[in-house]
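Number of protein chains: 2
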Amino acid sequence: MGRTESATDPRTPLSQARVLQTAVAFADRHGLESLSMRKLADELGAGAMSLYHYVPNKERLVGGMVDIVFGEIEPPSTDDDWKTAMRKRAMSTRAALGRHPWAVGEMEGRTDHGPANLRLHDAVLGCLRTAGFSIEMTVHAYSVQDAYIYGFALQERDMSSETADDFAAEAQRQMHAYADVLADYPHLVEVVGGYVAKAGYDYATEFLFGLDLILDGLERLRDG
Amino acid sequence: MGRTESATDPRTPLSQARVLQTAVAFADRHGLESLSMRKLADELGAGAMSLYHYVPNKERLVGGMVDIVFGEIEPPSTDDDWKTAMRKRAMSTRAALGRHPWAVGEMEGRTDHGPANLRLHDAVLGCLRTAGFSIEMTVHAYSVQDAYIYGFALQERDMSSETADDFAAEAQRQMHAYADVLADYPHLVEVVGGYVAKAGYDYATEFLFGLDLILDGLERLRDG
DNA sequence: CAAGCTACTCGTACGCTGTACGAACGCGCA
DNA sequence: TGCGCGTTCGTACAGCGTACGAGTAGCTTG
């Protein structure tokens, strides 16, 4: 029993791609805050320090994970007119962030832009420029859309109820929890207590409402 | 030298308010990720465990800090028409989040709503309802606005350059850093390299562009 | 005045984190 | 045969949130 009694066998060898994919899967299941180098190494059947041969530190590990998420976002197709193209990529972004909620606060502002990130940004800018937006207006248009998309994803992640019914139930629970102070907040009672707690809140509908409002506004600005 | 040789004296006694305010000030200076119970206690001239008599755990500490930020947001005034009222509260929100960037990912979805939080939400709902929005439309309107406001704040926090010139300089630095792959991303070169790296990016202007686009859209929906 | 109770303070300890350091190992080449 | 290099990872350290329980100071009650 002297040799090769390692409990877990890696079967496939370690590699950067495998480290990143495993990390994404782990974060999907348990959240980013409970992803640790040791747990990730366990998952891979390796020692914690082995990971540092594929990734220089945890920060860059997360950077690599984020670029995997960017890679799942469908870039705007040149076959569609700009509005449907932008609509689809917004929905695709929301879908990717729904699959990987841990990525929501992490997508923007990284200094290590991965290839998928660059590719997507380039495609979106190209879509808007080709549609006839001026450079200035392209910047504006990009800015509003992304602020909205990522902001909505943030809300969706934080409020966390999956379905409209879940949401209604949660709203009711909250109304009960705050019953003693609700007299001071009549509009909260009317809108949340009287409507949301019954009808719920459908994320997909809500997302498209705001998205179309923004896209229609942009179209008017481009044409007018 | 037997007694009272404690190095730091608290001068004012500990209290929940003082703990929360000190925590906010610390996070403003050093960021939320480097706020620890031990450092906060040091700041207050106390032992780490003393804090737990004013706050049950770190999660709730952050909850209390967040409500301080909510308290700095000016609720919509009933003297203004709804559009200016909403415009002002959006700008006030952005300003508060600019002073407390650590709060950006933390404002929504907490289950421990503080009084300032409830007050603000109630006032915004009241403003929209009084302006004649239906309950359904009020929910829509609230949703778009907050998604945009928090999403913009997220971008602003993450991109972190303060002024338009800083931003331009940073854009130039990035273009150099990625010089070898830029051939694959022509629109990035045109828009970022050719425009942003020169003209910069003024957050205030950009914010108001999107905000007015959204408010105009809402007005049309209310009237039409 | 004494006794007890309450509110508060905090020293110590545990299990967790990211990661620096350097020792070990297996393989291809001289 | 031996050397170097790519890879693995055991150990260790500083820092984290916080459970536990001992200590103390001040007020209330007899």
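Residue numbers (our numbering), protein chains in the order written: chain A, 2 to 225; chain B, 2 to 225. For every residue, glycine included, the Cβ atom is placed at its ideal position computed from N, Cα and C. It should be emphasised that the depicted structure is a prediction, and the values quoted were computed from it without experimental measurement.
In this structure, the beta-carbon distance from G65 of chain B to G115 of chain B falls below 8 Å.
The three-state secondary structure of N118 of chain A, taken from DSSP, is helix. DSSP places Y204 of chain A within a helical segment (H, G or I) once states are collapsed to three.
Per DSSP, the unbroken alpha helix (DSSP H) holding L41 of chain B starts and ends at M38 to E44. When C-alpha distances from V20 of chain A are compared across A:S35, A:L33, A:H31 and A:E44, the shortest belongs to A:E44. At a cut-off of 8 Å between beta carbons, S144 of chain B contacts chain A. Within chain B, the residues whose beta carbon sits less than 8 Å from that of F210 of chain A are H141, S144 and V145, listed in sequence order.
Secondary structure at M87 of chain A: helix, using DSSP grouped into helix, strand and coil.
Under the three-state reduction of DSSP, D224 of chain A is assigned to helix. No Cβ of chain A is located within less than 8 Å of the beta carbon of R30 of chain B.
A check of alpha carbon separations from R39 of chain A across A:R221, A:A24 and A:F153 identifies A:A24 as the nearest. At least one CB atom of chain A sits nearer than 8 Å to the CB of M160 of chain B.
In this structure, the CA atom of T139 of chain B is about 14 Å from the CA atom of G201 of chain A. For I150 of chain B, a Cβ of chain A is located within less than 8 Å of the residue's own Cβ. Taking the beta carbon of Q173 of chain B as reference, no residue of chain A falls within 9 Å; the closest one sits roughly 14 Å away. In this structure E109 of chain B is in contact with D159 of chain A, their Cβ atoms being roughly 4 Å apart against a cut-off of 8 Å. Looking from the CA of A180 of chain B, the closest CA among A:R174, A:Y143, A:D185 and A:L119 belongs to A:L119.
Across the set A:H31, A:V70, A:I136 and A:H177, the C-alpha of A:I136 shows the shortest separation from the C-alpha of Y196 of chain B. Pairing V193 of chain A with H177 of chain A, the inter-Cα distance amounts to about 12 Å. Cβ proximity to chain B below 9 Å picks out E109, G110, R111, T112, H114, P116, L119, R120 and H122 from the segment 109-122 of chain A. DSSP places L15 of chain B outside both helix and strand once states are collapsed to three, so it counts as coil. DSSP, read as helix, strand or coil, puts S144 of chain A in helix. If the five residues before and after F153 of chain A are omitted, its C-beta is found closer than 6 Å to the C-beta atoms of F208, all from its own chain and listed in chain order.
E157 of chain B sits buried, since 16 or more C-beta atoms from the chains shown fall within 10 Å of its C-beta.
The Cβ of E163 of chain A sits no closer than 8 Å to any Cβ of chain B. Of all residues in the segment 47-78 of chain B, none is placed with a Cβ closer than 9 Å to any Cβ belonging to chain A. The alpha-carbon separation between P102 of chain B and I150 of chain B amounts to approximately 13 Å.
T79 of chain B carries a coil assignment under DSSP once its states are collapsed to helix, strand and coil. In this chain, the alpha helix (DSSP H) harbouring I69 of chain B covers K59 to G72.
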